[in-house]
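Asker: Residue numbers (this note's numbering), protein chains in the order written: chain A, 1 to 149; chain B, 1 to 161.
Ideal Cβ placement from N, Cα and C applies to all residues, glycine included.
Handing you a structure now.
Below, the structure is given as structure tokens:
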């Protein structure tokens, strides 16, 4: 997808501190000098093409509940099957294959630590592969979105 | 986890569910969800502002899919940094524009790395160069590995409530 300069400005502007105003797109329209209706249409088009996955809140993992980053070392020929089972868990939101012996990396989120632990126990029981449980100990860089260039 | 102040309480439950699922891209999104929740627009706006201020919401806005926007190279760099230096190195990494996330995590018997950072880019070689240049600039002569992602099986917001 090729982005115009205007698209980039728009996408950079809407990722954080989205206006808490009854007509937020009107506020953005004044800031960016793009008509309100055009902003709404562009953003809807980005959402339809999956470039925008969601308009909403990103919660602080530790305050909103409990979470961990987990990884499995899965034999290559099993990875699709295992990834499918992991994806089916409602507590899993991110799931990536990475180039490493630990090749399947996923994030588990739940309301409390007991629920996170029970998901890990379930995974350990279902798959006899090395499993890492790497909860965040300290966050240095808060998620402020992703600057496009 | 370091702390567990659980705030999955009922009063915010419905709003949190809407905010994690997503608002509609319409001219008056807060009014839209206020109707859904049986409240008024101003109450929704104030509640979101308050949740931001408390730090429960760390970011409010659009969540982008890097991959769909052409930023297809996604690398998690993991470092083994001596404990007494990890804060300083983490701050150096976090200050780099290319770094989008930076976390400390525990070491394990089969996993020596304690610092994680994420770098996204349009091409793999460009991301590799960025990592080399950051490593040189701060003289980060510590063991590290580059875990490029070659497939994304799932990516969505977290569902807590």
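#1: Which residue marks the beginning of the beta strand (DSSP E) containing residue 135 of chain B, and which one marks its end?
#2: For residue 99 of chain B, would you say it is in contact with chain A, using Cβ-to-Cβ distances shorter than 8 Å as the test?
#3: Taking 8 Å as the threshold (beta carbon to beta carbon), is residue 141 of chain A in contact with chain B?
#4: Give, in chain order, every residue of the segment 6 to 31 of chain A whose Cβ lies closer than 8 Å to some Cβ of chain B.
#5: Which residue or residues does DSSP assign as beta-bridge partners of residue 131 of chain A?
#6: Whose C-beta lies closer than 7 Å to the C-beta of residue 133 of chain A among residues of the same chain, with five residues either side of it excluded?
#7: Is it buried or exposed for residue 58 of chain B, if we count other Cβ within 10 angstroms and need 16 for buried?
#8: Below 7 Å CB to CB, which residues in the same chain sit around residue 60 of chain B once its five sequence neighbours on both sides are set aside?
#9: Taking only the alpha-carbon atoms, compute the straight-line gap between residue 12 of chain B and residue 112 of chain A and give it to the nearest angstrom.
#10: Can you give, in chain order, each stretch of the alpha helix (DSSP H) that sits fully within the segment 63 to 102 of chain B and has at least 4 residues?
#11: Can you check whether the CB of residue 63 of chain B is closer than 8 Å to the CB of residue 92 of chain A?
#12: Excluding sequence positions up to five away, which residues of its chain have a Cβ less than 8 Å from the Cβ of residue 14 of chain B?
#13: Could you pull out every residue in the same chain whose Cβ sits closer than 6 Å to the Cβ of residue 73 of chain A, ignoring the five residues on either side in sequence?
#14: Report the partner residues of residue 96 of chain A according to the DSSP bridge assignment.
#15: Using alpha carbons as the reference points, say which of B/155, B/117 and B/68 lies closest to residue 80 of chain B.
#16: Could you please give the first and the last residue of the uninterrupted beta strand (DSSP E) stretch that includes residue 54 of chain A?
#17: Does the count of Cβ pairs from the segment 81 to 99 of chain A and the segment 91 to 106 of chain B closer than 8 Å reach three?
#18: How many whole angstroms separate the CB atoms of residue 76 of chain B and residue 140 of chain B, which I take to be in contact at a CB cut-off of 8 Å?
#19: Output yes if chain A places a C-beta closer than 8 Å to the C-beta of residue 82 of chain B; else output no.
#20: In this structure, how does DSSP classify residue 16 of chain A when only helix, strand and coil are distinguished?
#21: Tell me whether residue 57 of chain B sits in a helix, a strand or coil according to DSSP, three-state version.
#22: Which residues of chain A have a Cβ atom closer than 8 Å to the Cβ of residue 20 of chain B, listed in chain order?
#23: I think residue 3 of chain A touches residue 115 of chain B, with their Cβ atoms under 8 Å apart; what is that distance to the nearest whole Å?
#24: Out of curiosity, what's the CA-to-CA distance linking residue 87 of chain B and residue 133 of chain B?
#25: Would you please verify whether the beta carbon of residue 135 of chain A is less than 8 Å from any beta carbon of chain B?
#26: Between residue 19 of chain B and residue 44 of chain A, is the Cβ-Cβ spacing less than 8 Å?
Answerer: Taking the definition as stated:
#1: First-last for residue 135 of chain B: 124 to 137, but that is the alpha helix (DSSP H), not the beta strand (DSSP E).
#2: So yes, residue 99 of chain B belongs to the interface.
#3: So yes, residue 141 of chain A belongs to the interface.
#4: Listed by position, the residues of the segment 6 to 31 of chain A near chain B (Cβ gap below 8 Å) are 11, 14, 15, 16, 17, 18, 20, 21, 22, 23, 24, 25 and 26.
#5: For residue 131 of chain A, which the question treats as bridged, DSSP gives the partners A/72.
#6: Here the set comprises 68, 70 and 120.
#7: Here residue 58 of chain B is buried. Its C-beta has 16 or more other C-beta atoms within 10 Å.
#8: Excluding residues within five positions, the ones whose Cβ falls inside 7 Å are 48 and 52.
#9: When rounded, the distance between both Cα atoms is 16 Å.
#10: As far as the segment 63 to 102 of chain B is concerned, its whole alpha helix (DSSP H) runs of at least 4 residues are 86 to 94.
#11: No. Outside cutoff.
#12: The residues are 37.
#13: If you ignore the 5 residues before and after residue 73 of chain A, its C-beta comes within less than 6 Å of the C-beta of 101, 102, 129 and 130, all in its own chain and listed in chain order.
#14: Paired residues: A/105 and B/152.
#15: With distances taken between Cα atoms, residue 80 of chain B lies closest to B/117.
#16: From DSSP, the beta strand (DSSP E) with residue 54 of chain A extends over 52 to 59.
#17: In short, these stretches do not touch, since the Cβ pair count stays below three.
#18: Not a contact, Cβ separation roughly 16 Å.
#19: Using beta-carbon distances, residue 82 of chain B does not count as an interface residue toward chain A, since no partner is under 8 Å.
#20: Correct three-state label for residue 16 of chain A: coil.
#21: Correct three-state label for residue 57 of chain B: strand.
#22: One finds 56, 57 and 59 in chain A with Cβ atoms closer than 8 Å to the Cβ of residue 20 of chain B, taken in chain order.
#23: Actually they do not touch by this definition, with Cβ atoms about 32 Å apart.
#24: For the pair residue 87 of chain B and residue 133 of chain B, the Cα-to-Cα distance works out to about 20 Å.
#25: True, the Cβ-Cβ gap to chain B drops below 8 Å.
#26: Contact flag unset, no.
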